[in-house]
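Heads up, this note's numbering is the position in the sequence shown plus 33, with the first residue counted as 1. Glycine included, every Cβ here is placed at the ideal spot set by N, Cα and C. No experiment lies behind these values; they were computed from the predicted model shown. Data first, discussion second: the structure below is written as structure tokens.
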Amino acid sequence: MMSKLTDFYAHKAALNEQNDPRWEQMEDQLLKEELLPEIIDHLKTVLSKVKSPLVLNINYSPSGELSVMFTRNCIFSSAGKCESVDSIVMPQPTPEDSSTETELSHNPDPPVEHREGAEHTKPVVNRAAGTMLRVTFPDGTMIAEPSGTRTFVKCIEHIGLQRVRGLGLTLCKVPLVSNTQDWKYNSAQIPVEDGLYVMTHSNTKQKAQILEKISDQLHLGLKVEII
């Protein structure tokens, strides 16, 4: 029973203060304290019958959509590429008591399968005019670093790494926020806190579009400008 989390949503709805960053910080903390332990307890019981190593990835939307992906018996080569994978994606109806997606464990994200013969790829370097981003939050917070990449990463950190990760966004098939480094695009993954990486292999316009998509999906009301 997640009484504190239930009370939090009721109180937030009553005050109608959706864009205050403090609400997001409180929600993240409650999810870690109440939801995560409950999910882990349930998973331990359900998975006790499984005799193979698994990597799970769960995506949940408050609209009622739930998808679960598992990778079984994944063996990594010295190059960091998965050599043997059995996986399945299972969309499911969401139970009424399901809560928002959060980090279940420190298990690595499933590896991305790139085409054969692909080599490590260097990050996209912006050299044309208008390569900087300026992002303004509704509370007046402005992020405008000397490079578009730094602004992009800092904005995602400010929004919340796990919140953005829960959206399931990808760049070049690689999760936008991941806890593993991709064998092909690892040089474009910027390390941040909690062992996570932000994928930045994109030009400034694409970065702006991604931030706008995040803003729309999370109802943040961001103002994203290329300068």
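Classified as exposed, D227 has fewer than 16 neighbouring CB atoms from the shown chains inside 10 Å of its CB. Just so you know, the alpha carbons of D74 and D40 end up roughly 22 Å apart.
Under the Cβ criterion (8 Å, minimum of three pairs), the stretch 56-65 does not count as touching the stretch 90-102. Excluding sequence positions up to five before and after T203, its CB lies within less than 7 Å of the CB of L209, all in the same chain and listed in chain order. Annotation for Y230: the continuous beta strand (DSSP E) segment containing it runs Y230 to M232. By the criterion of at least three beta-carbon pairs nearer than 8 Å, the stretch 165-185 is in contact with the stretch 246-259. Under the three-state reduction of DSSP output, V101 falls in the strand class.
Within the same chain, Cβ atoms closer than 7 Å to the Cβ of Q214 are found at Q222 and Y230, the five residues on either side in sequence being excluded. The beta carbon of P179 sits closer than 8 Å to the beta carbons of M165 from its chain, once the five residues preceding and following it are set aside; these are given in chain order.
Here the alpha carbons of N236 and I72 stand approximately 38 Å from one another.
The beta-bridge partner set that DSSP reports for S211 consists of Y230. When DSSP reads this structure, K256 sits in a beta bridge with T169. Note that the C-beta distance between I247 and I192 is below 8 Å.
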